[in-house]
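Each remark here refers to the structure printed beneath this line.
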Amino acid sequence: MAVSASIFTKLNMAFAAGGLAWAGLQAYVVHSFGFIWYVAIIDSVASTLPLAAACWLINNNLRYYQPGKGSYINLFFWCLALAGACTLLVRFTLPLFSIGKTYDVFLVQSTTLRFFTCFMAIGWMAMISLIWYVQQDQKENEKRKSEAEKLARDAELYNLRQQLQPHFLFNSLNSINALIGFKPDEARKMIHQLSDFLRGTLNKDEQTLVPLCDELKHLNLYLDIEKVRFGHRLQTEISCDDKCKDAKLPPLLLQPLVENAIKFGLYDTTGEVTVSIRAEIEDSYLLVMVQNPYDPQTARPRQGTGFGVSGIQRRLYLLFARNDLVETFTNDDIFTILIKIPQA
Amino acid sequence: MKRALIIDDEPLARMVVQEYLMPYTDIQVLQECGDGFEGIKAIMQHQPDLIFLDVQMPKINGFEMLELVDQAPQVIFTTAFDEYAIKAFEAHAVDYLLKPFSRERFNKAVDKFLAQSAATSAQPQKQTEELLETVAQSPGQHERIVVKTGTKVKIIPVQDVEYLSADDDYVSIHTAEGAFLKNKTMSFFEQTLDARQFVRVHRSYIISIPQITRIDPYEKDAHLAILKSGARIPVSRSGYAKLKQVLGL
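For the protein sequence lines, the chains are A and B, in the order given. Residue numbering for the first sequence is 145 to 488, as defined by this note's numbering. Residue numbering for the second sequence is 9 to 257, as defined by this note's numbering.
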């Protein structure tokens with residue numbers, strides 16, 4: 145949980161203050177039964193310490209692990225057990241101080257009362273912690289959700305800019321201009337591809353997951369246009385077995401990856417370039433790998449914070465609350481990016 | 009008869025230029041080049057009168073290619089979109105075509121070239137040089153330095169540069185792989201390199217801040233910067249003041 149450290153320092157201070165107040169109160173109560181202050185303080189310290197430990201334990205447990213709806217009863221038993229342990233500890237350690245007969249009798253007689261007080265205190269602590277941490281979690285979730293929405297909007301804007309990405313668009317139009325002269329049929333085909341591609345980037349609801357085959361179809365339109373532009377220099381390999389066709393992923397997630405791959409592949413080398421996209425299903429994850437050649441001498445791929453890799457990392461974090469879904473590798477002159485998309 | 013080259017990485021884009029050039033029987037296209045390296049070779053080999061040059065190309069862009077050509081021919085730039093480039097073209101009255109361009113617009117550019125070359129008063133070389141200076145100062149242009157070693161072109165990412173030193177009419181760019189000469193001035197690099205990373209510490213030296221391991225006092229008023237590579241670079245008094253400012257001392 146990402147609650148800031150300062151909150152925890154404050155919390156610890158409050159906890160310590162509470163403990164002190166408790167110890168003072170208990171000393172006062174014991175003193176009022178007629179024992180001298182020395183005995184009262186020993187009694188109160190010896191019983192407050194285990195109680196504090198129990199409270200701290202339960203609070204800390206709840207911080208990292210919140211019981212589901214059905215297991216609140218477990219929490220109740222835990223409180224009982226902790227209260228019992230505290231009471232027993234007090235019951236059998238205090239006589240070791242050999243304070244006196246009257247006190248030992250008092251201790252035995254007050255055991256039941258001590259147990260219930262402990263139980264109330266621990267139970268109260270558990271309840272407060274539970275409510276507080278659930279609330280924290282909710283806050284965190286809400287924050288994440290609103291950030292996810294914001295990022296989705298940014299991505300949409302980015303896509304809007306992308307579909308009007310000047311270079312891509314003007315160069316594609318220039319290719320069409322060339323084709324009109326001597327291959328009018330191909331020019332027409334490219335106009336259709338370009339319009340289908342642009343339309344595909346328009347009507348996407350960022351929040352709804354789409355099947356991989358749809359996403360690949362969209363990518364193919366893009367790749368086909370780039371292939372017309374760059375002629376034989378650009379080769380693509382897309383492999384996706386039948387099992388992953390229906391795997392779901394956020395829409396337009398792969399587009400920036402493939403754009404990056406093409407950009408680095410085509411502008412960083414002068415020879416033929418193969419961009420490959422491979423999809424697999426593994427342990428309820430959809431794995432998508434995009435590979436492209438690059439020149440390790442001159443390129444520092446993905447060093448920048450362009451939307452490419454960091455954007456995807458962020459988007460996946462906001463959707464799945466995990467930071468380990470994107471990996472990149474460089475091997476000789478091949479750059480590989482691997483993304484994992486959890487399947488529900 | 010005028011001799012021309014078409015340099016563009018997209019085959020269809022070259023084809024448009026070829027097609028539009030057809031009616032010009034007095035212009036002969038010697039060769040089509042798919043990237044800047046081929047372009048340099050072809051320019052050296054053919055010494056053309058005119059080149060049609062794309063800006064965005066693999067490895068080295070059109071401007072970087074021109075920097076490496078000793079005797080630049082007349083250039084008509086072709087580009088899809090590039091804010092800075094377009095501003096630079098306009099500032100230096102160099103002709104450029106925005107893709108996709110019409111036959112009319114193309115004809116206008118070629119006619120202008122023909123008229124200029126008939127008059128012989130134009131100074132394409134000077135115009136081009138000024139253009140390159142302007143372009144070099146635009147953002148995103150100083151992430152690497154392109155140099156020519158013999159017939160080979162070397163691209164040096166600025167992170168790899170240890171320091172630069174003045175070397176007669178050239179600037180020597182020192183890297184772990186050795187020194188490379190570039191036909192530019194120290195003040196050109198001082199202006200174009202990222203001022204947070206490179207500091208001119210001396211009339212004849214510019215050093216890369218991340219390469220410094222220590223700065224020692226040296227004689228009166230002067231200092232010596234010791235780089236990771238062990239190189240010892242003199243730092244003048246004003247250079248030391250600049251260094252302190254950049255390092256926030």
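For glycine and all other residues, C-beta sits at the position ideal for the given N, C-alpha and C.
Return the CA-CA distance between L139 of chain B and T200 of chain B, expressed in angstroms with no decimal places. Separation of L139 of chain B and T200 of chain B (C-alpha to C-alpha, rounded to the nearest whole angstrom) is 14 Å.
Thinking L169 of chain A and A265 of chain A are a contact (beta carbons under 8 Å), I'd like their distance in whole angstroms, please. About 11 Å; that fails the 8 Å criterion.
Could you tell me the distance, in whole angstroms, from the CA atom of F263 of chain A to the CA atom of M271 of chain A? If you draw a straight line from the Cα of F263 of chain A to the Cα of M271 of chain A, it is about 12 Å long.
Considering only residues of the same chain and omitting the five flanking positions on each side of L38 of chain B, which have a CB-CB separation below 8 Å? Sequence-distant Cβ neighbours of L38 of chain B in its own chain, meaning closer than 8 Å and more than five residues away, are R11, A12, L13, A50, H54, P56.
Taking Cβ-Cβ distances shorter than 8 Å, what residues in chain B pair up with Y411 of chain A? Chain B residues near Y411 of chain A: Q64, M65, P66, K67.
Under 7 Å from the C-beta of M23 of chain B: neighbouring residues of chain A: Under the 7 Å cutoff, chain A gives A322.
Taking F114 of chain B as part of the alpha helix (DSSP H), name the residues at either end of that continuous run. Annotation: the continuous alpha helix (DSSP H) that includes F114 of chain B extends over 111–127.
DSSP beta-bridge partners for C384 of chain A? Beta bridge pairing from DSSP links C384 of chain A with A:A423.
Strand pairing of R208 of chain B, partner residues [DSSP]: According to the DSSP secondary-structure assignment, R208 of chain B is paired through a beta bridge with B:I214.
Selection of the segment 70–100 of chain B by Cβ proximity to chain A, strictly under 7 Å: Listed in sequence order: A88, F89.
Would you decide whether H376 of chain A is buried or exposed? Buried here means 16 or more other CB atoms lie within 10 Å of its CB. Counting Cβ neighbours within 10 Å, H376 of chain A comes out exposed, since fewer than 16 surround it.
Identify the residues that DSSP records as bridge partners of Y178 of chain B: which are they? Under the DSSP definition of a beta bridge, Y178 of chain B partners with B:D175.
Can you give me the start and stop residues for the beta strand (DSSP E) that L104 of chain B sits inside? The identity of residue 104 of chain B in the sequence shown is Tyr, whereas the question assumes Leu. Per DSSP, Y104 of chain B belongs to the beta strand (DSSP E) from 104–106.
Assuming T472 of chain A and L396 of chain A form a contact by the criterion Cβ under 8 Å, report the distance between their Cβ atoms to the nearest whole angstrom. For a cut-off of 8 Å, the C-beta gap from T472 of chain A to L396 of chain A is around 20 Å, too long to register as a contact.
In chain order, what residues of the same chain have a beta carbon less than 8 Å from the beta carbon of M194 of chain B, not counting five sequence neighbours either side? Here the set comprises L172, A174, V179, R208, R211, S212, I214.
Closer than 7 Å between beta carbons: that is the criterion. Which residues of the segment 184–201 of chain B meet it against chain A? Taking 7 Å as the Cβ-Cβ cut-off against chain A, none of the residues of the segment 184–201 of chain B qualify.
CA-CA distance, A322 of chain A and K333 of chain A? One C-alpha to the other measures close to 13 Å.
Can you pull out the residues from the segment 319–346 of chain A whose beta carbon lies closer than 8 Å to at least one beta carbon of chain B? Of all residues in the segment 319–346 of chain A, S319, I320, N321, A322, L323, G325, F326 have a Cβ within less than 8 Å of some Cβ in chain B.
Give the straight-line distance between the Cα atoms of T237 of chain A and C230 of chain A, rounded to the nearest whole angstrom. Rounded to whole angstroms, T237 of chain A to C230 of chain A spans 11 Å at the Cα level.
K190 of chain B (DSSP reduced to helix, strand or coil): In the structure shown, K190 of chain B sits in a strand (DSSP, three-state: E or B).
Mind checking if L122 of chain B is an interface residue toward chain A, Cβ cutoff 8 Å exclusive? For L122 of chain B, no CB of chain A lies under 8 Å from its own CB, so it is not counted at the interface with that chain.
Measuring only the C-alpha atoms, how far is I220 of chain B from L410 of chain A? For I220 of chain B and L410 of chain A, the distance between alpha carbons rounds to 36 Å.
Does the separation of the CB atoms of L393 of chain A and E426 of chain A fall below 8 Å? The answer is no: Cβ separation not under 8 Å.
Beta carbon of E170 of chain B, beta carbon of L235 of chain B: below 8 Å? Annotated as proximal: E170 of chain B and L235 of chain B, with beta-carbon spacing under 8 Å.
Considering only the beta carbon of each residue, do L233 of chain A and L462 of chain A sit closer than 8 Å? The Cβ atoms of L233 of chain A and L462 of chain A lie no closer than 8 Å to each other.
Mapping DSSP to helix, strand and coil, what is Q399 of chain A? Q399 of chain A sits in a helix when the DSSP states are folded into three classes.
Inter-residue Cα distance where the pair is K371 of chain A and L378 of chain A: Cα-Cα distance, rounded: 6 Å.
With DSSP as the reference, label L206 of chain A as helix, strand or coil. Helix at L206 of chain A.
Cα-Cα separation between V249 of chain A and S188 of chain A, rounded to whole angstroms: Their Cα atoms are separated by approximately 16 Å.
Coil, strand or helix - N86 of chain A by DSSP: Since the first residue shown for chain A is 145 and the last is 488, residue 86 of chain A is missing from the structure and cannot be characterised.
Output needed for E291 of chain A: all residues of its chain with C-beta closer than 6 Å, excluding positions within five of it in sequence on either side, in chain order. Within the same chain, Cβ atoms closer than 6 Å to the Cβ of E291 of chain A are found at L462, the five residues on either side in sequence being excluded.
Please determine, among A:L219, A:C388, A:R288, the residue with the shortest C-alpha to C-alpha distance to R459 of chain A. Of the listed residues, the one whose Cα sits closest to R459 of chain A is A:R288.
Three-state secondary structure assigned by DSSP to R446 of chain A: Caution applies to R446 of chain A, whose pLDDT of 46 falls short of 50 and renders its modelled position unreliable; the value that the coordinates give is listed next. In the three-state scheme derived from DSSP, where H, G and I count as helix and E and B as strand, R446 of chain A is classed as coil.
For H311 of chain A, which three-state DSSP category applies? Helix.
For D62 of chain B, which beta-bridge partners are listed by DSSP? In the DSSP output, where bridge partners are listed per residue, D62 of chain B has B:T86.
Cutoff 8 Å: L61 of chain B Cβ touching any chain A Cβ: In terms of beta-carbon proximity, L61 of chain B stays away from the interface with chain A, with every pair separated by 8 Å or more.
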